Structure formats: structure tokens, C-alpha cells
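Following our numbering, the numbering of the sequence shown begins with 271 at its first residue and continues without gaps.
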Amino acid sequence: MNRFNHREYSRFKNSLIASYLSYCDYYRPKFFILENVRNFVSYKNSMVLKMALRCLTAMGYQCTFGVMQAGCYGVAQTRRRAIIMAAAPGEILPFYPEPKHVFAPRALQLSVVIGDVKYLSNITRTHSAPYRTITVRDCMSDLPKINNGHKLSSMNYSHEATTHFQRLIRGNQEKLIDHVCKEMNPLVAARMSHIPTHPGSDWRLLPTLKCD
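Shown next, in the form of C-alpha cells:
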């Protein structure tokens, strides 16, 4: 369900959907949730989505599907996810939760078009929420700087927790665990060094340079 879907590993991952549905058929849980990338709902002209819904309804489940934005629920990045929920006969099919955090409007295109029909989940509040957006600074400003290839598994935080998110993640831990960095080859390191550091920057702002 990505641009590298012809690779063997991607084909294996795509087959996991059928495997997951077979587990549902065998165990028959009261509730079932399937989460996947946004492109799941449009992949192969929505064939995989239709297959999943058809399998679940054939098992007797009530079904609903929608696209949700993880940033609306306290994640410090834009990450749209397709979610299928199902409930067994006699159970109440849940609604999707309303957003807890406001998020950038440009990342809130959550409708799904199949054929000529547009589908929306039950979520109605997309432009307002009780809490502000969680930022990368909220999550990571207490992490010490590390160098390429850093492997020390336990170290001190750079300072006391300053945000609710940091206090929540730390819990009772006094030491920072697993703050490590994979060894980058020189070409990748050169690319990383040329990404601007102002807010909103990413790989798309890399200058057109040739690195020898």
C-alpha cells in the first residue's frame, strides 16, 4: 500500500490483513479493530477495503470505517490512519472518538471517496477541540543532544520535565532509556546536515546539491 508495494516484504505485509481477518473468524471476538495507512481505503480501487468489510459482514459483524488523524489525539505529527471497527451481533458498534487536540486544517482531509460516493466518519468536530496541538518541543525538548552512532542505553535527561507530555512519558523513571542513534553512512549524514532547522522543515527542503 505504498510506492514500494512490489517488493517481497511489502507483499508479505499486505497479506497480514487476510491473516488478521482469519484470526477474527477463528476467535470471534466481541469487538474488532483494524488499523492501517490512509492509502488502505483507496488501494487497488478500494478492493482491499471492500474485501475486509465483506469478510466481516459475512461473519455477522456490524462494521464501520473511517480515516482519523493521530495528531488530533495527542501525537506530535501528522499521521492519518484508516480504521475499521466491527462489533459482534448483540454488541453496540462504537463511535469514533471526537478530537482531543486541535490540529492543522490542511492535515484534516479525512473523507473517503469510493467510486462516486464520499464517506465520512461520525466525527463532527474537526476544527475545534479541548486542548491545543502537541508539538515536537512538548515531546522532545528535554532530550539531550547525541552524536551519530550514539549507543549509550541509559543517560540523564537534559533538564527537568517542563510539559505535561514529558511528565506523562517519564512516569517514575529518573533515567532516560534507549536514547540511541543508528549509525548513518556519510551520504545520509550529509543529507541530514543540509535539512533546515526552522519550524516545518523536512526532506522536501533539501537543496539541490551533489554530495561526493
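Just so you know, even glycine gets a beta-carbon here, dropped at the ideal spot from N, CA and C.
These numbers were taken from a predicted model, which means no experiment stands behind them.
When beta bridges are read from the DSSP output, residue 424 appears opposite 447. Taking the Cβ atoms as the reference, residue 337 lies roughly 7 Å from residue 311, within the contact range of under 8 Å. Among the bridge pairs identified by DSSP, residue 290 is matched with none. Between residue 339 and residue 378 a beta carbon distance of about 6 Å is seen, short of the 8 Å cut, so the two are scored as contacting. Residue state for residue 339 is assigned as strand, using DSSP reduced to three classes. By alpha-carbon distance to residue 383, the top candidate from 313, 464, 357, 292 is 313.
Relative to the Cα of residue 300, the nearest Cα in the group 403, 355, 396, 367 belongs to 355. Comparing C-alpha distances from residue 398 to each of 375, 413, 319, 441 shows the shortest one belongs to 375.
Contact between the stretch 415 to 423 and the stretch 385 to 403 is absent: fewer than three C-beta pairs spanning the two stretches fall below 8 Å. Under the three-state reduction of DSSP, residue 309 is assigned to helix.
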